[in-house]
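Reading through the structure tokens given below for one structure.
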Amino acid sequence: MAQLDKIVAAYRITAQYPELISARIHDCSKAAVSVSSVWTQKVLERQSKIIFRQTVFSDYKTYSLTSPPTDITNELISAHSKSNKYFCVVREVESGKEIKQYLEVWADCSLVKNYDLSALDVHGKIYADGEFGTLEWSPDETKIVYIAEKKVQKSEPFYKQKSKASPQKDSVNNDIVPGKEYDWSQDWGEQLVGKITP
């Protein structure tokens, strides 16, 4: 059993070292450079991984952390504007039984806009994978572009009972298609499961 304890202890030590995922150079001059980096690290007690971001400043002789590590585990995808004035991020947050996506726009170290994409009901989930995942600012920094799943039309059974309320309420739900609630949609398969119409 002593051998097994040594192996577990060695694994705990190696799990303490984070792994670099990505880095971005923000400001670079002849005198100094500022780099933002994203890291992942195993948390054995939670049996999960965390993802965090930290910023490092260097004068090419020494370096120092200018921000403490910030947990970004629920961050799907993010992008800086060309001037680095704006920053946008798509987050997935568990809200009751469903998982919601939010688009946040940051400027001058504060949250400027926060869009609940589920409430807007314009499209499905935003892609954040290697195939379709993209999030970019327009050159004039007024628009954000991303790829998302096409909105699925709502459906209900043919035989659903409706209240005998005013006929005006029926005209509001014109986008509901009867009898299509069990239609099967072919996804792309393999490693693109769940992707139907980007």
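For what it's worth, full-length UniProt numbering labels the leading residue of the sequence shown as 1, then goes sequentially. Idealized CB from N, CA, C, for every residue including glycine.
Strictly by DSSP, which residues pair up with Phe52? On the sequence shown, residue 52 is found 52 positions in, with the first residue counted as 1. Per DSSP, the beta-bridge partners of Phe52 are Trp39 and Asp71.
Any alpha helix (DSSP H) of 4 or more consecutive residues that is wholly inside the stretch 113 to 145: The qualifying runs are 117 to 120.
Please identify the residue among Phe132, Lys162 and Glu104 whose C-alpha is closest to the C-alpha of Asn74. The residue labelled residue 74 in the question sits at position 74 within the sequence shown. Of the residues Phe132, Lys162 and Glu104, the one whose Cα lies closest to the Cα of Asn74 is Glu104.
For Gln101, which of helix, strand or coil comes out of DSSP? Working through the sequence shown from its first residue, we reach residue 101 at position 101. Three-state result, Gln101: strand.
Let me check understanding here. Comparing Cα to Cα, which of Val177, Tyr17, Asp140 and Ser138 lies closest to Tyr159? Stepping through the sequence shown from its first residue, residue 159 is reached at position 159. Closest by alpha carbon: Val177.
How is Ile176 classed by DSSP in three states: helix, strand or coil? What you label residue 176 is simply residue 176 of the sequence shown in a count that begins at 1. Here Ile176 carries a coil assignment [DSSP, helix/strand/coil].
Own chain, CB closer than 7 Å to Gly194, minus 5 neighbours either side, in chain order: Looking up residue 194 in the sequence shown gives position 194. Excluding sequence neighbours, Gly194 sits near Asp187.
Helix, strand or coil for Asp5 per DSSP? Stepping through the sequence shown from its first residue, residue 5 is reached at position 5. The DSSP-derived three-state label of Asp5 is helix.
Ile50 to Tyr17 span [Cα, whole Å]: Residue numbering aside, residue 50 sits at position 50 when the sequence shown is read from its first letter. Residue numbering aside, residue 17 sits at position 17 when the sequence shown is read from its first letter. Between the C-alpha atoms of Ile50 and Tyr17 there is a straight-line separation of about 12 Å.
When the Cα atoms are used, what is the spatial distance from Lys100 to Ser118? Working through the sequence shown from its first residue, we reach residue 100 at position 100. Working through the sequence shown from its first residue, we reach residue 118 at position 118. Using only the alpha carbons, I get a separation of about 6 Å.
By the three-class DSSP mapping on this structure, what secondary structure does Ala15 have? The residue you call residue 15 lines up with position 15 of the sequence shown. The DSSP-derived three-state label of Ala15 is helix.
What does DSSP give as the partner residue(s) for Asp27 in the beta ladder? As a working note, residue 27 is residue 27 in the sequence shown. Note: Asp27 is bridge-paired with Ser34 in the DSSP secondary-structure output.
Three or more beta-carbon pairs under 8 Å between the stretch 108 to 122 and the stretch 135 to 146, yes or no? The stretch 108 to 122 vs the stretch 135 to 146: no contact.
Could you pull out every residue in the same chain whose Cβ sits closer than 6 Å to the Cβ of Asn84, ignoring the five residues on either side in sequence? On the sequence shown, residue 84 is found 84 positions in, with the first residue counted as 1. Cβ within range, chain order: His26.
Going by other Cβ atoms of all chains shown within 10 Å of its Cβ, with 16 needed for buried, is Ser96 buried or exposed? For the purposes of this step, residue 96 is taken as the residue at position 96 of the sequence shown. Checking the sequence shown, residue 96 turns out to be Gly, not Ser. Gly96 comes out exposed.
Take Lys125 and list the residues in its own chain whose beta-carbon comes closer than 7 Å to its own, dropping the five residues that flank it on each side. Translated into the one-based positions of the sequence shown, residue 125 becomes position 125. Excluding the 5 residues flanking it on each side, Lys125 has same chain C-beta neighbours closer than 7 Å at Gln101, Ala148 and Glu149, in chain order.
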